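Below: one structure, written as structure tokens.
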Amino acid sequence: MRWQAFLEAVQERGAYPSAREAERASRVVLALLGAHVVGEERNELAAKLPETFALILLNPLQAAEPLSAERFVRAVAAWIDGATEQTAAWDTSAVLSVAGDAAGEELLERLLLQLPPGYDLLFGHPGGG
163 MRWQAFLEAV QERGAYPSAR EAERASRVVL ALLGAHVVGE ERNELAAKLP
213 ETFALILLNP LQAAEPLSAE RFVRAVAAWI DGATEQTAAW DTSAVLSVAG
263 DAAGEELLER LLLQLPPGYD LLFGHPGGG
């Protein structure tokens, strides 16, 4: 997926007034996600993202333990200036739903198997994983 197409999709889903806000959310969410998915699945997802976001996913912020979906959203809120848990949940879902679409059904299912319960909703994929 190309940079512009990815950002436009995130901007549309997140109803962001600018591509800059969509990019900020994408950087934070993908950096955190990269700490939670590993191996071939992480590499495959990175291959489907724009190069800049792929590098962010592959060089993640470190996580001491897998975060529950709720704690993941709180971590996003902590990394985005002025974010609340509600806005961070919105940011997370906007970015992960686009990343999930880019990944495709089969890869998304494998990614969800690596993540704690609840991430299926963040990816806009209820009932998965």
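Numbering (our numbering), first residue to last: 163 to 291. Yeah, the Cβ is synthetic: ideal placement off N, Cα and C, and Gly gets one too. Quick caveat: nothing in here was measured; it's all calculated off a predicted structure.
- The shortest CA-to-CA distance from THR214 to any of LEU169, THR254, GLY244, ALA251 is the one to LEU169.
- For PRO222, the closest alpha carbon among the candidates ALA250, VAL191, LEU283 is that of VAL191.
- Non-local C-beta neighbours of ALA197 in its own chain, meaning closer than 7 Å and more than five positions away in sequence, comprise PRO222, LEU223, GLN224, ALA225, ordered along the chain.
- Remark: C-beta atoms of VAL235 and ALA250 approach each other more closely than 8 Å.
- Using a 10 angstroms sphere on the CB of GLU185, the tally of other CB atoms reaches 16 or more, which defines it as buried.
- Taking C-beta separations shorter than 7 Å and ignoring five residues to either side along the sequence, the partners of ARG272 in its chain run GLU203, following chain order.
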